[in-house]
């Protein structure tokens, strides 16, 4: 953060105030202690240096611990407001948004003409706002990825996925890969790839629209699907964009040479919590479209998928409670 009036003037002044208060307190404590010592010395002199006990009617001798405690209380009493002031100023100084709200920082609009037509934009503040927006969004995305990964490791989602593949005889499929998608807790119109592909690795933390491909179809319908030769006859990106509503990036991904796929809905207590997606470079690796769909439905009822469903529910429950839900769809009408 760049230096401003708070960091170069007010904060040092506040520190100086605290220093003066501390110095004043220490001087007073020293004076009191000196007075007590001098008084005791005078008493001893008057008694001729003897060891006679002096009786003071109606008074009691105060122990050093009591003096120490009262000194600490006095110190806290003196420091409480200066420290509160410093903490408040630090918070304002280093919180750009609050600083702008209070008028303490630079303003986005520097000048407005009398007619309200000509507006001069403060380019420095504009860049600052842009950096903050990008930073805040990226922090949100990165933070959600960290939590997804942490909870996935705790619930051993990768091992559950491996069990689904092995139990259902998919491991020996030519150039097979499998992963898990869930409804994104940050952007609910998207599906989130929770783990890397098994067994090849890579791919985790990607987002795809719920309208995207076979996984979007599975999520929207709540039913398992399969393909033997997906997108047969569509040999160009333009055709997929025009006829399937895909973006160019999505269309290029679909033409990567993996025609066979299984999209298996994972349900916990009857509610979809995720999708197991398996694909292959071999045509009809799981049978034709009808056979692949039947295979997906059979796998959906397997014990390993039930175990995965329970683990996914445990992953998503705390995330849905804590995460903000951001809709990026336009308003209807």
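Residue numbers (full-length UniProt numbering): 1 to 333.
Glycine residues also receive a C-beta, built at the ideal position from the N, C-alpha and C atoms.
In this text the structure is predicted, and so the values were computed from the model without any measurement.
For residue i and residue j, I'd like the C-alpha separation in whole angstroms.
| i | j | result |
| --- | --- | --- |
| residue 187 | residue 209 | 9 Å |
| residue 184 | residue 194 | 9 Å |
| residue 260 | residue 272 | 23 Å |
| residue 316 | residue 274 | 10 Å |
| residue 190 | residue 84 | 45 Å |
| residue 217 | residue 225 | 8 Å |
| residue 215 | residue 300 | 14 Å |
| residue 207 | residue 192 | 5 Å |
| residue 318 | residue 307 | 18 Å |
| residue 152 | residue 164 | 16 Å |
| residue 139 | residue 213 | 29 Å |
| residue 280 | residue 143 | 32 Å |
| residue 257 | residue 282 | 8 Å |
| residue 347 | residue 200 | Since the first and last residues shown for the chain are 1 and 333, residue 347 lies out of range. |
| residue 294 | residue 170 | 14 Å |
| residue 220 | residue 154 | 28 Å |
| residue 141 | residue 211 | 21 Å |
| residue 230 | residue 298 | 20 Å |
| residue 292 | residue 252 | 23 Å |
| residue 270 | residue 290 | 24 Å |
| residue 202 | residue 146 | 16 Å |
| residue 302 | residue 242 | 38 Å |
| residue 321 | residue 222 | 23 Å |
| residue 288 | residue 246 | 24 Å |
What is the C-beta distance between residue i and residue j, in whole angstroms, given that I count them as a contact (C-beta under 8 Å)?
| i | j | result |
| --- | --- | --- |
| residue 156 | residue 311 | 7 Å |
| residue 197 | residue 178 | 7 Å |
Would you say residue i and residue j are within 8 Å of each other, going by their C-beta atoms?
| i | j | result |
| --- | --- | --- |
| residue 175 | residue 228 | no |
| residue 240 | residue 296 | no |
| residue 237 | residue 248 | yes |
| residue 304 | residue 159 | no |
| residue 181 | residue 286 | no |
| residue 309 | residue 268 | yes |
Taking the beta carbon of residue i as the centre, do at least 16 other beta carbons fall within 10 Å, making it buried, or is it exposed?
| i | result |
| --- | --- |
| residue 250 | buried |
| residue 137 | exposed |
| residue 161 | buried |
| residue 150 | exposed |
| residue 264 | buried |
| residue 56 | Confidence at residue 56 is low in this model, with a pLDDT of 44, below 50, so the placement of that residue should be treated as unreliable; the coordinate-derived value is given next. That one is exposed. |
Worksheet item: What beta strand (DSSP E) runs, 3 residues minimum, are completely inside the region 234 to 287?
Response: 260 to 268, 271 to 280
Worksheet entry | beta strand (DSSP E) runs contained entirely in the region 156 to 237, provided each spans 3 or more residues | You should have 177 to 183, 190 to 193, 207 to 209, 225 to 227.
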